Amino acid sequence: LVWGRFALGPLKKGQGQLISSTLRKTLFNAIECTCFTHVKFRHSRATNVLQNIYGVKESISEILDNLNQIKLKRKFRSDLGDLQGPLYASIDLQGPRSVRAKDIKCPPGIVILNKTQVIVTLTDNVRFFAELTIETNSADSLPPRRLETRFPPEDGYAIDAVFTPVQKFSESIHLQDFENENLQTEMLFLEISTDGRVTPYDALLKASEKVITLFLSFYAGEKKGTYSDLAERVRVKAIKSSDFGEDSEDCPDDWQDSEDWDDWEDADQDWD
Numbered sequence: 001l002v003w004g005r006f007a008l009g010p011l012k013k014g015q016g017q018l019i020s021s022t023l024r025k026t027l028f029n030a031i032e033c034t035c036f037t038h039v040k041f042r043h044s045r046a047t048n049v050l051q052n053i054y055g056v057k058e059s060i061s062e063i064l065d066n067l068n069q070i071k072l073k074r075k076f077r078s079d080l081g082d083l084q085g086p087l088y089a090s091i092d093l094q095g096p097r098s099v100r101a102k103d104i105k106c107p108p109g110i111v112i113l114n115k116t117q118v119i120v121t122l123t124d125n126v127r128f129f130a131e132l133t134i135e136t137n138s139a140d141s142l143p144p145r146r147l148e149t150r151f152p153p154e155d156g157y158a159i160d161a162v163f164t165p166v167q168k169f170s171e172s173i174h175l176q177d178f179e180n181e182n183l184q185t186e187m188l189f190l191e192i193s194t195d196g197r198v199t200p201y202d203a204l205l206k207a208s209e210k211v212i213t214l215f216l217s218f219y220a221g222e223k224k225g226t227y228s229d230l231a232e233r234v235r236v237k238a239i240k241s242s243d244f245g246e247d248s249e250d251c252p253d254d255w256q257d258s259e260d261w262d263d264w265e266d267a268d269q270d271w272d
């Protein structure tokens with residue numbers, strides 16, 4: 001897991017719970033990631049997922065599960081656009097040998113994170129050829145009853161893809177005491193863990209963008225920029241992270257240089 005901790009504030013009393021509740025649902029349901037969604041085997045005489053392909057140790061059901069364990073990451077490249085729509089990968093190997101994730105020929109812009117994941121074990125001198133479909137989606141955008149789709153064996157098999165890169169989320173709210181309760185503010189601390197397909201920082205940014213876009217739809221194009229003043233007063237800081245990943249340059253350069261950093265750090269220690 002890739003882990004990150006973030007702080008947001010100062011907020012008015014009560015805003016922390018509102019923000020964390022909204023972000024929680026968005027993080028678990030609306031963050032896009034990339035998965036294998038379909039596989040087609042050539043030269044296979046198997047008629048259902050419980051049967052084996054000749055010369056292959058694993059049943060088709062086990063192969064589908066192994067493919068589902070492979071973690072893909074989509075890398076933006078200016079020459080490739082945003083890689084929308086299905087992409088395709090392939091495996092073409094001769095046995096006997098073990099076939100792993102690193103043996104998959106992926107299109108440009110798609111990176112395999114766990115390259116040692118075993119897919120199949122070829123026990124005989126047979127050719128193993130598979131065509132894989134790659135899709136980018138989020139849990140709340142999947143078509144209804146998608147996973148119940150059935151394909152004839154000659155058309156391949158659907159993979160039970162999991163479009164949920166965020167694995168854990170927790171929050172803690174700390175009040176900053178003042179004599180006048182009406183002047184109380186609070187700091188919101190968030191802890192996010194992902195499976196590596198999306199970094200915690202990117203997941204937080206994408207979730208925030210989706211929430212902001214949703215609420216801005218009420219303005220119907222009017223009063224643009226009305227939330228800019230709030231953005232100047234309330235800031236998010238990355239406190240700790242196990243790995244910002246390849247997109248770490250997106251993290252604000254001044255996240256450790258704030259005049260109020262000592263206060264944030266003290267609050268973080270209290271949270272521990």
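The sequence shown begins at 1 in UniProt numbering and counts up one residue at a time. Glycine included, each C-beta is placed from N, C-alpha and C at the ideal position. Here the structure is a predicted model, which is why all the values come from computation and not from measurement.
Compute the distance between the beta-carbons of I110 and T37, then report whether it is under 9 Å.
no
With a threshold of 7 Å on Cβ separation, who are the neighbours of D195 within its own chain once the five nearest residues in sequence on each side are excluded?
L1, K71, P165 and Q167
DSSP three-state label for Q94, please.
strand
Between which two residues does the beta strand (DSSP E) holding F218 run?
Neither: F218 is in no beta strand (DSSP E) and is coded neither H nor E.
Between T136, D92, E131 and D103, which has its C-alpha nearest P86's C-alpha?
T136
Residue range of the unbroken beta strand (DSSP E) whose run includes K25:
Careful: K25 lies outside any beta strand (DSSP E), inside the alpha helix (DSSP H) at Q15 to N29.
Which listed residue (V211, M187 and F215) has its alpha carbon closest to that of P10
M187
Local conformation of I60 per DSSP, three classes
helix
Hey, would you say L122 sits closer than 9 Å to R97, going by beta carbons?
yes
Where does the unbroken beta strand (DSSP E) through V126 begin, and where does it stop?
First-last for V126: undefined, no H or E at that position.
Any non-hydrogen atom of the ligand FMN within 8 Å of P10 CB
The ligand FMN is absent from the structure shown, which contains no ligands of any kind.
Would you kindly check if the distance between the Cβ of I159 and the Cβ of V39 is under 9 Å?
yes
Which residue or residues does DSSP assign as beta-bridge partners of T185?
K12 and Q176
Restricting to Cα atoms, I'd like to know which of Q184, C106, L204 and I134 is closest to S170.
L204
Inter-residue Cα distance where the pair is E191 and T213:
23 Å
Could you check the C-alpha separation between I112 and I104 for me, to the nearest Å?
9 Å
Answer with buried or exposed for T26, where buried requires no fewer than 16 other C-beta atoms within 10 angstroms of its C-beta.
buried
Between the Cα of S21 and those of S217, V120 and V211, spot the shortest distance and give me the residue it belongs to.
V211
N- and C-terminal bounds of the beta strand (DSSP E) containing R74:
L72 to R74
Compare the beta carbon distance of E58 and V120 with 9 Å and say whether it is the shorter of the two.
yes
Three-state secondary structure (DSSP) at S248?
Any reading at S248 must be qualified, since the residue scores a pLDDT of 42, below 50, and its modelled position is unreliable; the value itself is stated next. In this structure, S248 counts as helix in the three-state DSSP scheme.
Need the endpoints of the beta strand (DSSP E) that K102 sits in, please.
Note, K102: premise wrong, no beta strand (DSSP E); not H, not E.
What is the C-beta distance between F41 and A130, in whole angstroms, given that I count them as a contact (C-beta under 8 Å)?
5 Å
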